[in-house]
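Working notes for the structure below.
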Amino acid sequence: MDPIIKLDNVTYTYEDEEEPVLKNVSLEIYKGEFVLIIGPSGSGKSTLCQTFNGIIPNIMEGEISGQVLVDGKNVLELNVKDLAESMGMVFQDPDAQLCNIYVEDEVAFAPENLKIDPAEIMRRIEDSLEKVRLKGFNYRKVHELSGGQKQKVGIASVLSMKPNILVLDNATANLDPQATREIFELLNILNKDFGHTIIIVESKIDEVMHLADRVIVIEDGQVVSSGSPRDLLETSIDKLIDMGVWVPEISELAVKLSEQGFKFNKFPITVHEAKQELKRSWNRPFLISSNKVEEMSKSRNVYSVQNLSYTYPSGTQALNNVSFNIKQGDFVAILGTNGSGKTTLVKHLMGIMKPPKGTVFFKDEDIHEKRLLDMTEHVGYVFQNPEHQFVTDNVLEETIYSLLVDYGIEKGEKIPEEIIGKGKEALESINLWDSRDKHPFNLSGGEKRRLSVVASLITGQDVVILDEPTTGQDYASATKLLELCDNLNKQGKTVIMITHDIRLVCKWAKKALVMNNGNLIYDGEISQLFLHEDILRKASLVEPPISQLAKQLSPFPLKRAVITVDEFFSEEERVQVQ
Amino acid sequence: MSWAFQYQEKKSFMNNIDPVSKLIWMVCISVLVFLYETPLPQFYLLMATILLALTLANLSLTFILRGIWIMILFSTGFFVLQLIFVPGHTVLFYVGPLPIYSESLNFATAITLRILTIFMSSFIFVVSTDPRDIVLALTQKFKVPYRFAYAIFVALRFVPTIESEARVIESAQIIRGVGKQKGLKNKVENFKRFSMPLLMGAIRRVRITANTMDSKGYGAYRDRTYIRTVSITTKGKIFAAIWVLTLIFAIVLKII
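Order-wise, the sequence lines are chains R and L.
Per UniProt numbering: the first sequence = residues 1 to 578.
Per UniProt numbering: the second sequence = residues 1 to 256.
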């Protein structure tokens, strides 16, 4: 069988750059395959996808050599439009790729451009919307849809070109776990039932790895391995972890088990498979280990929230009678679907949105009485997009900006050694001292986030609030960020973090607040959270694979969930080594 | 945030008629206001336009005020300037040492009312017309190349996104301490700080938008097909005809 996509020795260099992003890439993708592309950030995954439909080199200029064949067409000699009916592409940011007001117009946009007969287009609209399960959404406005629905419209809008190949470049990065799962289910159906060839770049490995027929690993612009998910994980999981990409939690466990002599019939990559493998040898229950939160009970409250409600001018209730306390030195994860009120809640904690009198207290003082500028002396707040907070032209100045402002040092004046020293210390803690003269915008995504954390805390704030700091990050940079937070936490600082990354939460956070439709439905220890199936369901939380496995292996209900691979292993002796 | 100066989905005569007829009406109004130099006819024209907004466009007075208050402020300033600087010879009264001439008063009033009428009619047009229909009318009826019409349309669609991003950046930077330092030099610096991330974000977004539009065959051919066509309604024809006749009548009167 001829491959539907064939790259032969493709090397590509962006305009104005010297080092090529793709180096001698050769690969073949066959009709009907479900291919997952993984690799650390900056390795060239997105660039690779853009060569498939000729965005490179037609729109993004630069130097390309080699050969790209798609659907029998020589891409390098064609225009993007010639590939339109072969391939549909969906990107990360839904707002940037949907350019029409109504859903129907969005789906009709491509075939209209391709001069398809209107009656046929109407049929395709119905067909595409039905495939993505948005039947009847024709006259809905795109910008009023949820993030997940927008991405489905994005998929429908390329399905209407009747392409064989669908390429999704990090399309779920901005979505919550529930919406992500729906997109993956949809892709699976499009692949299995409708025969579309699917190529996705993804970092949410736990949910998608088992759907793929083949995984291609890209590092530093080269294809370093390619194979079935099982083979790849079994043979090179360590390499993947070193590279800094996410690997399935179950496989991480499996590798450790096999290091200890456990023999698998079939190397497991899903909870179900692991259960099949382990149930023969699993003979004892998990013990209840020490409680991470106990030591906290004596500290004072940094935050006390009492009956906080908030209704948007549009009438939507964003917060409904929310009450909770956060203790000094705590590490709190705020969980919940998009639109459940998480960001609104933390904005009230910071005072970006002014809470009503008598509802939010910071160290016993009513935030209602405080100005935002006063709050910044006590609390650092890291926005979703770190670039929004950058205010200077170089990394060192960025770090010490708030100090300069406090000391009233104007631009161009000499900076006291003492302040530079503080900046140096902060930058060294995140390994960025050598990059001190760079422009903050030129750092990598992960570096930007770490810089914005240390810069937010430079005047000695002892509370930090982070709004989805790990979105779209690879394993290496997400881990570095959380390690940074953990260090701050160990210094006694309070960390409050909104996130969807349940594995990071389990590994690092102590306490969880779960929001659902503006209500606080859980306030307590993280390991207890996973024992409440009703809350997990209500908030569409995805239980970490390791916890699911432990529950299924345990002959009677657990008193405390097992939430990390390490915890699973602290009970390692319970697995009978064969 | 509800922004008054944008399309409002509602039932009204103006919402129901086609954009082409509405454009003809706007042209008629604009020519009419330039036929007269004196305040009284300008006043009638403005009243007629406001009346049309209240009845045919089914807008409330508060909504209209919300939509045009910036323009009212602007024209008040404009009025005062004209009043002071346009020369005249019949002194009406003095404000302190400053003489106010009746010619300048007349002229300033007429000009200000003219601006308000033109603005008011565009306001009615914008709030009663789905932007999508404007694009369709431009491409289908006025034969504007669709690549051009869509480019404007897409640019306009991003205004709210950029607006909300600007608000986020503003609070993000206040938290960093921007704004603590006073003085003009810092004000200029702060503006740079603010616009940089906004611009970077916009450029990145535009690039993705361009990539997606291209991969969806945008601009592949000189023309395209449409699942929707703009048809000129009978009501619209009658409405436009009435205004054209009024205009001709006014011109004839003016010549005689």
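The beta carbon of each residue, even a glycine, is placed where N, CA and C say it ideally should be.
Beyond the five residues adjoining it in sequence on each side, L:Leu156 comes within less than 8 Å, by CB distance, of Pro131 in the same chain, given in chain order. The beta-bridge partner set that DSSP reports for R:Glu525 consists of R:Lys511. By a beta-carbon distance limit of 8 Å, R:Leu98 does not contact L:Gly217. Their separation comes to about 16 Å. If the five residues before and after L:Arg205 are omitted, its C-beta is found closer than 8 Å to the C-beta atoms of Phe158 and Thr161, all from its own chain and listed in chain order.
R:Glu252 is the residue among R:Glu252, R:Asp437 and R:Gln222 whose C-alpha sits nearest the C-alpha of R:Thr235.
Neighbours of R:Thr316 in chain L, taken as residues at a C-beta separation under 8 Å, are lacking, since the least C-beta distance is about 13 Å. Sixteen is the threshold: since fewer than 16 other Cβ atoms of the shown chains lie within 10 Å of the Cβ of R:Pro557, the residue is exposed. At least one C-beta of chain R is nearer than 8 Å to the C-beta of L:Asp214. Here R:Arg537 is exposed, its C-beta having fewer than 16 other C-beta atoms within 10 Å. At a cut-off of 8 Å, the C-beta of L:Gln173 has a neighbouring C-beta in chain R. Close to L:Tyr221, with beta-carbon spacing below 9 Å, are these residues of chain R in chain order: Lys81, Asn113, Leu114 and Lys115. Non-local C-beta neighbours of R:Leu466 in its own chain, meaning closer than 6 Å and more than five positions away in sequence, comprise Val382 and Met497, ordered along the chain.
Just so you know, the alpha carbons of L:Ser231 and L:Asp18 end up roughly 7 Å apart.
Annotation: Cβ neighbours of L:Thr161 in chain R (cutoff 7 Å, chain order): Asp95. Nearest C-alpha to R:Ser160 among R:Asp169, R:Arg124 and R:Asn188: R:Arg124. Counting only the Cα atoms, L:Ile68 lies some 44 Å from R:Leu443. At a cut-off of 8 Å, the C-beta of L:Ala241 has no neighbouring C-beta in chain R.
Under the three-state reduction of DSSP, R:Gln306 is assigned to strand.
Against chain R, a Cβ distance below 7 Å from L:Asn16 picks out nothing, because the smallest value is about 17 Å. By the CB criterion at 8 Å, R:Met350 and R:Val395 fall outside the cutoff. With its beta carbon at least 8 Å from every one in chain R, L:Ala149 lies outside the interface.
Rounded to whole angstroms, the Cβ separation of L:Glu163 and L:Phe194 is 13 Å, and the two are not in contact under 8 Å. Under the Cβ criterion (8 Å, minimum of three pairs), the region 134 to 143 of chain R counts as touching the region 100 to 111 of chain R. Taking a 10 Å sphere around the C-beta of R:Gly88, we find 16 or more other C-beta atoms and assign the residue as buried.
Against chain R, the CB of L:Thr209 has a partner CB under 8 Å away; the residue lies at that interface. By the rule that beta-carbons nearer than 8 Å mark a contact, R:Ile419 does not touch chain L. Distance from the CA atom of L:Phe74 to the CA atom of R:Glu18, rounded to whole angstroms, is 53 Å. If you draw a 10 Å sphere on the C-beta of R:Ala455, you find 16 or more other C-beta atoms in it, and that means buried. Inter-residue distance for R:Arg449 and L:Thr139 is about 45 Å (C-alpha atoms, whole angstroms). Shown in chain order are the members of the region 118 to 130 of chain R whose Cβ falls below 7 Å from a Cβ of chain L: Pro118, Ile121 and Met122. The DSSP-derived three-state label of R:Asp16 is coil. The beta carbon of L:Thr38 lies closer than 7 Å to those of Asn106 and Ala110 in the same chain, with the five residues before and after it left out. Using a Cβ-Cβ cut-off of 9 Å, R:Cys49 is close to nothing in chain L; its nearest Cβ partner there is about 11 Å away. In the three-state reduction of the DSSP assignment, R:Glu202 falls in the coil class.
When rounded, the separation of the alpha-carbon atoms in R:Lys559 and R:Lys31 is 48 Å.
Segment contact: the region 57 to 75 of chain R against the region 242 to 262 of chain R, fewer than three CB-CB distances shorter than 8 Å; contact not assigned.
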